[in-house]
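Enquirer: Note that our numbering numbers the sequence shown so that position 10 is 29, with each residue one more than the last. We treat Cβ as the ideally placed atom computed from N, Cα and C, and that holds for glycine. One structure follows; several queries about it will come next.
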Amino acid sequence: MHPYNPLDPFQKELVAARQRAKKLCRAINALDADQTKARKPLYQQLFAQVSSAYIEPNFFCDYGSNIFLGERFYANHNCVILDVAKVSIGNNVMLGPNVQIYTTTHPLDPIERATGKEFCAKVTIGNNCWIGGGAIILPGVTIGDNSVIGAGSVVTKDISANVVAVGNPCVAMKEI
Numbered sequence: 020m021h022p023y024n025p026l027d028p029f030q031k032e033l034v035a036a037r038q039r040a041k042k043l044c045r046a047i048n049a050l051d052a053d054q055t056k057a058r059k060p061l062y063q064q065l066f067a068q069v070s071s072a073y074i075e076p077n078f079f080c081d082y083g084s085n086i087f088l089g090e091r092f093y094a095n096h097n098c099v100i101l102d103v104a105k106v107s108i109g110n111n112v113m114l115g116p117n118v119q120i121y122t123t124t125h126p127l128d129p130i131e132r133a134t135g136k137e138f139c140a141k142v143t144i145g146n147n148c149w150i151g152g153g154a155i156i157l158p159g160v161t162i163g164d165n166s167v168i169g170a171g172s173v174v175t176k177d178i179s180a181n182v183v184a185v186g187n188p189c190v191a192m193k194e195i
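Right, dumping it as structure tokens:
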């Protein structure tokens, strides 16, 4: 995991980038369901990579510029992606409602945590994955192609390709 301090006064570009992302998220969230043509330019401004996506309101992210979306991405309501580090999502990926993807975490030591220091690590989701509602994906996790993550799961470690994985902590239960 890589250390950083998002509140460092010398990191004004991070503050500006977060403010930019919040404005774009508000604009996306304000669109009516039938305003599909208005979505694409906003997605292109927000995300590092996107071609065909549909995101239900409300959607929130830290920067957007660290999110790389494959073809035919879908996120249901109330998706949160904390993208301090890179988030790569493959083709044909569906996220259920209230899915949360975190690339950032805080030190366990309270003195170190009080300094504002944080850690980040990338998250990768392969092609053809389905992430069930309420799932939480933690920093540094990779989910392999074609896998299904059960609703409410907390993914703390890598999940291999072609499995159904569930629970807290999330573990593979069967092969697909």
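How do the region 128-137 and the region 149-157 stand: do at least 3 beta-carbon pairs fall below 8 Å, yes or no?
Expert: Not touching, per the Cβ criterion.
Enquirer: Cα-Cα, which of Cys139, Val69 and Ile108 is closest to serine 166?
Expert: Minimum Cα distance to serine 166 is reached at Ile108.
Enquirer: Where proline 188 and isoleucine 120 are concerned, what is the direct C-alpha to C-alpha distance, given to the nearest angstrom?
Expert: Each residue's Cα considered, the two are about 15 Å apart.
Enquirer: What do you get for valine 8, buried or exposed, if any count of 16 or more other CB atoms within 10 angstroms of its CB means buried?
Expert: No answer is possible for residue 8: the residues shown for the chain start at 20 and end at 195.
Enquirer: Helix, strand or coil for tyrosine 121, going by three-state DSSP, please let me know.
Expert: Residue state, collapsed to three classes: strand.
Enquirer: Rounded to a whole number of angstroms, what is the C-alpha to C-alpha distance between alanine 10 and threonine 123?
Expert: As displayed, the chain neither begins before 20 nor continues past 195, which places residue 10 out of reach and without an answer.
Enquirer: Once the 5 residues before and after cysteine 98 are set aside, which same chain residues still bring their CB inside 6 Å of it?
Expert: Hits under 6 Å: Phe78, Leu114 and Val118.
Enquirer: Assign proline 129 to buried or exposed, taking buried as 16 or more other Cβ atoms, counted over all protein chains shown, within 10 Å of its Cβ.
Expert: Looking at its Cβ environment, which holds fewer than 16 other Cβ atoms inside 10 Å, proline 129 is exposed.
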